[in-house]
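Residue numbers for the sequence shown follow UniProt numbering, so the first one is 1 and each next one is one higher.
Even for Gly, the Cβ is constructed at its ideal location relative to N, Cα and C.
Everything on this sheet refers to the single structure shown next.
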Amino acid sequence: MTTGLNYDQVIKSLTKSESDDFIQQVIILLTLVHEEIKKTTFNKSDFIFTQFDEGHILVTGVKN
């Protein structure tokens with residue numbers, strides 16, 4: 001089962017994890033999101049995140 005997340009929930013997932021690999025992956029993901037925000041008119045709330053069963057979190061959409 002996959003889980004939809006918003007930006008704040010992604011941040012909270014960092015504090016719940018004890019896996020260095022997971023934390024590093026989420027930090028890279030959020031860095032990419034912030035780079036995109038700088039280049040466009042997107043806001044943090046415009047990004048749709050999905051956490052998959054395996055634990056990985058990806059950006060799966062952007063609200064218009």
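Alpha carbon to alpha carbon, how far is residue j from residue i? Give it in angstroms, no decimals.
{"i": "N6", "j": "F47", "result": "7 Å"}
{"i": "T2", "j": "S13", "result": "14 Å"}
{"i": "H56", "j": "E35", "result": "20 Å"}
{"i": "I23", "j": "E54", "result": "14 Å"}
Among the options, which one has its Cα closest to the Cα of residue i?
{"i": "Q9", "options": "K39, F49, E54 and I23", "result": "F49"}
{"i": "Q25", "options": "D53, I37, T2 and L58", "result": "L58"}
{"i": "residue 70", "options": "D53, V62, Q51 and G55", "result": "Lying outside 1 to 64, the shown extent of the chain, residue 70 is not represented and no answer is given."}
{"i": "K44", "options": "G55, N64, H56 and F52", "result": "N64"}
Buried or exposed: where does residue i fall if 16 or more other Cβ atoms within 10 Å of its Cβ makes it buried?
{"i": "D30", "result": "Looking at the sequence itself, residue 30 is Leu, so the reference to Asp does not match. Flag for L30 reads buried."}
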